[in-house]
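Asker: Next up is a structure, given as structure tokens.
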Amino acid sequence: MERRGFLKGLAGACALTAVGAPTLSLGAEKPKSPNEISYEKALEVITNGKGAKDSDKVHLVVPEIAENGAVVPVKVTVNHPMEPNNYVKSIHILSTKNSNARCADIFLTPANGKAYFATRVKLGGTQEVVAVAELTDGTFIKAHKSVKVTIGGCG
Amino acid sequence: MDISRRDFLQIAAALGILGVGGNLMAGSHKRVDEITATDIMDFKPVGKVSLLHICDLHAHIKPLYWREPSTLISAPNLTGTPGFLCGESFADFYGVKPGTLEGYFDTYLNFEELAKKFGKMGGVAYIKSVVDEIRRDRGKDNVLLLDSGDTWQGTAVALKTDGEAIVKAQNYLGVDVMVGHWEFTYGKERVRELIDMLDAEFISQNIIDNDPFSDDFEELVFKPYTIKEVGGAKIGIIGQSFPFTSTANPKRFTEGWSFGLRLDTLQEYVDELRNDKKVDCVVLLSHDGFSVDQEVARKVHGIDFILSGHTHDPGPKPITINGTVIIIAGSHGKYVGRLDIDIRNKRVVDYNYKLIPIASNLITPDKQGIELVDALYRPYDQELNQVLGKTKGLLYKRDTFYSTFDALIGEAIRDEMDNEITFTPGYRWGTTLLPGDDILLDNVYEMTAITYPEVYTFELEGAKIAQLLEDIADNVFNANPLYQQGGDMSRLTGVTYDIKIGAPSGKRISNLKVNGKPLDPNRDYVVSAWGGNLQSVGKNLRESKIRPVYDITADYIKKKGTVDISRQSNVNILDVGCGCPKAGGICS
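As structure tokens, then:
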């Protein structure tokens, strides 16, 4: 399957799985989500309490300023072999301030050939997007980047 | 010791033995009335290639007065750096002498007095004379004219012809390559039509199709770069349109396109041009803004020159970051940047740069250009030359928080809408009228000619107003240039506040008062706004009252006859002592 075709199929589906508060959460009243989970808690669950180390092997691409907080494109590439006993087992996309910090979990096998994933996530406000990758040796590596969500205006 | 010309210029500039811009510009120290067109054009040519640069014309095909800011406030870490200099700090940084032609063009100092002496600035017939002289001098195949965008929008003649008048002016000037920002506010389809009429190439590496159902999903909308053979060298020019078009301007104009800085792909194109296409020189033609482009130079490697735009800064001297030289040529047609490049053994070995002021009193205009401008204006002359009234004081745009022309627009909207608060956008384009000048309908359009001129009146809760102001302040005063959008702070009528620029995001504004009373976070206020999307977060929109801002402003001036606008700003800056601070926040 062509990369483009793959992405096309994905974009629609992922928007539905994304979670978070409204794009511009101007009001103080934040709806209490039944699935509320903080970034710290999510990271703990994903890494089984081990935590993840910052690594430049995780290449995270997000816009500096979101064009639309409801659909922020996120691309993750992990520069790591994808061999039978040494590969990237999973990629997790998290947000630091959404009411549910978990945006996407992707599980990989060596058959994927490359640890690459692209999706769109909903961001409830200016915050960091974090990509966490689990390696077969049981370690976790991550990268984070800030995305500004604004009503915009100048020019 | 073998001192190269560039070294010599740097030393000379440091010692102050040359004129402005490191050029042998004898004119800068002459008495003002001695300056001639020869002084303006005086330049020591280098190499065989000349790149001429224009940016942010904002459709001003006729000469105008344009006063640079008297207040240009930034995050403390950026204060006094290029892109955040004005008046005294600008003159000090660049070695510009107040009272000279450069002082008049580059700063607000003695503006009214010098305007009478030196006259209007810019105009395509005058730009053309300068460009043609350089083409004659250097040989036309050795010269490129590059346009950093914000060219098609900003005057009545542009708006009324949906951009076509300005494309004709660009074709007349012989623009070779351009990028865009306000261009996109004519809408995708019109942009395509105008590009078809345009002789220049329109390039952008940072606009991608964003419609998952289109066949071009994730494909480039325009060519990312072009390669030009000039003066025996191969020049690779990469395009960078305004990265935040879809947040700064209504999304509907570019629905299905995604913008952004896209530094990853920018680096890929730089590498592709160098390694695969074997170009001798890599140029980024950019509408990122001057401070953003300084960050780009820090993050992307291998660009020789960035020809910047968007933030309207005159840059009399190039700045160099990580080996990348950045230039920017002001706005409103006030300048042509001349960059001569010496390329040997497939690399840049030397360059010289000058920001040429388009002083209309000193330059003989090209006759064909005068005829073209007359012809483009003729259908609208009668309407646009209507005298609406007079101004008692100086009417200007720019400045970080407050300007008299914006205050006039705010008053006009308040008068018609009977509201409590007016938001007017912090655009950096417009015009300047001298004390006692007639105000023509054309001048009102120069301040308001946009394709979404509707003034909306609606209700907004006090708490939301406070939060919005913080959000806008963070777009202007963020310490990281990559999170700024390159405009000035939204102007407010009916509101006063204190601001601490260096405070954390969301905590800058205090003492917020509406018509003299403290803002009540729980009350709804009647607010009018134009040029943004504030109406989308308000309620009870007064649909029957929606009207274009130029009509409202023109009617108000007619009603008043003579307008007399206070120079007193409604914003009190707590942590900066003057409008044009030097590095470290020092005020002279």
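The listed protein sequences correspond, in order, to chains A and B. Under our numbering, the first sequence has 136 at position 44, and the numbering climbs by one with no breaks. Under our numbering, the second sequence has 300 at position 282, and the numbering climbs by one with no breaks. Here a beta-carbon is modelled for each residue, glycine too, at the ideal position from N, C-alpha and C. Here the structure is a predicted model, which means the values were calculated and not measured.
(1) Of all the beta strand (DSSP E) runs that stay within the bounds of the segment 418-457 of chain B, which reach a length of 3 or more residues?
(2) Would DSSP call B/V594 helix, strand or coil?
(3) Less than 8 Å between the CB atoms is what I'm expecting for A/A144 and A/I233, so what's the real figure, rounded?
(4) Using the three-state DSSP reduction, which class does B/R154 fall into: helix, strand or coil?
(5) Using 8 Å for Cβ pairs, my map puts B/Y369 next to B/L291. What's the rounded Cβ distance?
(6) Could you tell me whether any Cβ in chain B is nearer than 8 Å to the Cβ of A/K237?
(7) Quick check on B/L580: buried or exposed, where buried means 16 or more other Cβ atoms within 10 Å of its Cβ?
(8) Using beta-carbon positions only, say whether B/G348 and B/L303 come within less than 8 Å of one another.
(9) Below 8 Å between beta carbons: does that hold for A/C195 and A/I183?
(10) Provide the residue(s) that pair with A/Y208 in DSSP beta bridges, ordered along the chain.
(11) Kindly indicate which residue of B/H350, B/L487 and B/E201 has the alpha-carbon position closest to the one of B/D124.
(12) On the premise that B/I427 lies in contact with B/V567, defined as a C-beta separation below 8 Å, what is that separation, rounded to the nearest angstrom?
(13) Go ahead and pull the three-state DSSP assignment for B/Y568.
(14) Straight-line CA distance for B/D110 to B/A521?
(15) So is B/D5 in contact with chain A if we call contact Cβ pairs under 8 Å?
(16) Indicate, with yes or no, if the ligand SAH has a heavy atom lying under 7 Å from the CB of B/Q386.
(17) Is DSSP giving B/A547 helix, strand or coil here?
(18) B/L559 by DSSP, collapsed to three states: which one?
(19) May I have the straight-line CA-CA distance separating B/I339 from B/T382, to the nearest angstrom?
(20) Which same chain residues, not among the five before or five after A/Y208, have their C-beta less than 6 Å away from its C-beta?
(21) In angstroms with no decimal places, state the Cα-to-Cα distance between B/G333 and B/N95.
(22) Nearest-angstrom Cα distance between B/S562 and B/T475?
(23) Jot down the residue ranges of each uninterrupted alpha helix (DSSP H) in the segment 74-106 of chain B, minimum 4 residues, whole runs only, in chain order.
(24) What distance in whole Å lies between the Cβ atoms of B/G320 and B/D289, which are believed to be in contact at a cut-off of 8 Å?
(25) If you check the beta carbons only, do B/P261 and B/F277 fall under 8 Å apart?
(26) Using 8 Å as the Cβ pair cut-off and three pairs as the minimum, do the segment 138-151 of chain B and the segment 378-396 of chain B touch?
(27) Within 10 angstroms of the Cβ of A/A223, are there 16 or more other Cβ atoms? Answer buried if so, exposed if not.
(28) In the segment 109-169 of chain B, which residue ranges form an unbroken beta strand (DSSP E) of at least 3 residues, counting only runs that do not cross its ends?
(29) Can you give the Cα-Cα distance for B/G603 and B/K241, rounded to whole angstroms?
(30) Could you tell me the boundaries of the alpha helix (DSSP H) in which B/Y515 lies?
(31) Report, in whole angstroms, the separation of the C-beta atoms of A/L227 and A/K181, which I expect to be a contact under 8 Å.
(32) Does DSSP put B/Y414 in a helix, a strand or coil?
Answerer: The answer reads as follows:
(1) 439-442
(2) Here residue 594 of chain B refers to the residue found at position 576 when the second sequence is read from its first residue. Three-state result, B/V594: coil.
(3) Within the first sequence, numbered from 1, the residue matching residue 144 of chain A stands at position 52. Within the first sequence, numbered from 1, the residue matching residue 233 of chain A stands at position 141. With 8 Å as the limit, A/A144 and A/I233 qualify as a contact, their Cβ atoms being about 6 Å apart.
(4) Taking the second sequence and counting its residues from 1, the one referred to as residue 154 of chain B is at position 136. Helix, per DSSP.
(5) The sequence position of residue 369 of chain B within the second sequence is 351, counting from 1. The sequence position of residue 291 of chain B within the second sequence is 273, counting from 1. Actually they do not touch by this definition, with Cβ atoms about 18 Å apart.
(6) For the purposes of this step, residue 237 of chain A is identified with residue 145 of the first sequence, where counting begins at 1. No, A/K237 lies away from the interface with chain B (no Cβ there is under 8 Å from its Cβ).
(7) Mapped onto the second sequence, residue 580 of chain B falls at position 562. Residue 580 of chain B is actually Thr in this sequence, not Leu. B/T580 comes out exposed.
(8) In the second sequence, the residue the question calls residue 348 of chain B occupies position 330. In the second sequence, the residue the question calls residue 303 of chain B occupies position 285. No; because the gap between Cβ atoms is not below 8 Å, this pair is not in contact.
(9) Numbered from its first residue, the first sequence carries residue 195 of chain A at position 103. Numbered from its first residue, the first sequence carries residue 183 of chain A at position 91. In this structure, A/I183 does not lie closer than 8 Å to A/C195 by Cβ.
(10) As a working mapping, residue 208 of chain A is identified with position 116 in the first sequence. A/Y208 pairs with A/T169.
(11) By one-based count along the second sequence, residue 124 of chain B stands at place 106. If we check each option's Cα against that of B/D124, B/H350 comes out closest.
(12) Taking the first residue of the second sequence as 1, we reach residue 567 of chain B at position 549. Taking the first residue of the second sequence as 1, we reach residue 427 of chain B at position 409. Yes, they are in contact, since the Cβ atoms of B/V567 and B/I427 sit about 7 Å apart, within 8 Å.
(13) By one-based count along the second sequence, residue 568 of chain B stands at place 550. Of the three classes helix, strand and coil, the one that applies to B/Y568 here is helix, per DSSP.
(14) Counting from 1 along the second sequence, the entry for residue 110 of chain B is found at position 92. Counting from 1 along the second sequence, the entry for residue 521 of chain B is found at position 503. Each residue's Cα considered, the two are about 27 Å apart.
(15) A question about residue 5 of chain B goes unanswered here, because the residues of chain B that appear run from 19 up to 606.
(16) This structure simply doesn't include the ligand SAH, nor any ligand for that matter.
(17) In the second sequence, the residue the question calls residue 547 of chain B occupies position 529. Correct three-state label for B/A547: strand.
(18) The sequence position of residue 559 of chain B within the second sequence is 541, counting from 1. Of the three classes helix, strand and coil, the one that applies to B/L559 here is coil, per DSSP.
(19) Residue 339 of chain B sits at position 321 when you count from the first residue of the second sequence. Residue 382 of chain B sits at position 364 when you count from the first residue of the second sequence. Near 37 Å, if we compare the C-alpha coordinates of B/T382 and B/I339.
(20) For the purposes of this step, residue 208 of chain A is identified with residue 116 of the first sequence, where counting begins at 1. If we look at A/Y208 and ignore the five residues flanking it on each side, its Cβ neighbours are T169.
(21) Against the second sequence, residue 333 of chain B aligns to sequence position 315. Against the second sequence, residue 95 of chain B aligns to sequence position 77. So the alpha carbons of these two residues sit roughly 20 Å apart.
(22) Within the second sequence, the letter at position 544 stands for residue 562 of chain B. Within the second sequence, the letter at position 457 stands for residue 475 of chain B. Looking at the two C-alpha atoms, the distance is approximately 10 Å.
(23) none
(24) Position 271 of the second sequence holds residue 289 of chain B. Position 302 of the second sequence holds residue 320 of chain B. Right, their Cβ atoms sit about 7 Å apart.
(25) Residue mapping note: residue 261 of chain B aligns to position 243 of the second sequence, counting from 1. Residue mapping note: residue 277 of chain B aligns to position 259 of the second sequence, counting from 1. Closer than 8 Å, so yes.
(26) yes
(27) By 1-based counting over the first sequence, the position of residue 223 of chain A is 131. A/A223 is buried by the Cβ-count criterion.
(28) 161-165
(29) For the purposes of this step, residue 603 of chain B is identified with residue 585 of the second sequence, where counting begins at 1. For the purposes of this step, residue 241 of chain B is identified with residue 223 of the second sequence, where counting begins at 1. Approximately 43 Å, taken between the alpha carbons.
(30) Against the second sequence, residue 515 of chain B aligns to sequence position 497. Run containing B/Y515: none in the alpha helix (DSSP H); it sits in the beta strand (DSSP E), V513 to I517.
(31) Position 135 of the first sequence, counted from the first residue, corresponds to residue 227 of chain A. Position 89 of the first sequence, counted from the first residue, corresponds to residue 181 of chain A. Going by Cβ atoms, the distance from A/L227 to A/K181 rounds to 7 Å, so yes, they are a contact pair.
(32) Your numbering for residue 414 of chain B matches position 396 in the second sequence. It is coil, neither helix nor strand.
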